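A short worksheet on the structure shown next.
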């Protein structure tokens, strides 16, 4: 499946201090997904765009998290694909 999609993801849980954002960025760059990731008080927020297969890899990672993370829930909202991003960034 190669259709393009955009998702907004909120990962809740004990996910700070485990390099969650770095892992998401590295995976996104590897898969060709653009967008951003940032820490928020409840956990980690991600907005990403790419082909369906690549976005699914990001979602699968967010569900599990890196070693040391305790993911409690993952909320995914489909959004309209815009193509506005040219890379994947960690936002501070």
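Residue numbers (the working numbering): 27 to 118.
The beta-carbon is built from N, C-alpha and C at its ideal position, and this holds for glycine as well.
This structure is a prediction, so every number in the text was calculated from the model and none was measured.
- residue 33 and residue 103 look like a contact to me (Cβ under 8 Å); what is the Cβ gap, rounded to whole Å? By 1-based counting over the chain shown, the position of residue 33 is 7. By 1-based counting over the chain shown, the position of residue 103 is 77. At roughly 7 Å, the Cβ-Cβ gap stays under 8 Å, so residue 33 and residue 103 are in contact.
- Message: Which complete beta strand (DSSP E) runs does the segment 46-86 hold, if anything under 3 residues is left out?
- Response: Runs found: 60-66, 69-77.
- Message: Along the chain, where does the beta strand (DSSP E) containing residue 34 start, and where does it finish?
- Response: Here residue 34 corresponds to residue number 8 of the chain shown, with the count starting at 1. Segment 30-40, the beta strand (DSSP E) holding residue 34.
- Over the uninterrupted beta strand (DSSP E) stretch that includes residue 99, give me the two end residues. By one-based count along the chain shown, residue 99 stands at place 73. That run of the beta strand (DSSP E) goes 96-105.
- Item | Neighbourhood of residue 80 by C-beta distance below 6 Å, restricted to the same chain and skipping five residues each side | Counting from 1 along the chain shown, the entry for residue 80 is found at position 54. The answer, listed in chain order, is 57, 58, 59.
- Who pairs with residue 111 in a beta bridge, going by DSSP? If you number the chain shown from 1, residue 111 lands on position 85. DSSP, once it has assigned bridges, lists no residue as partnering residue 111.
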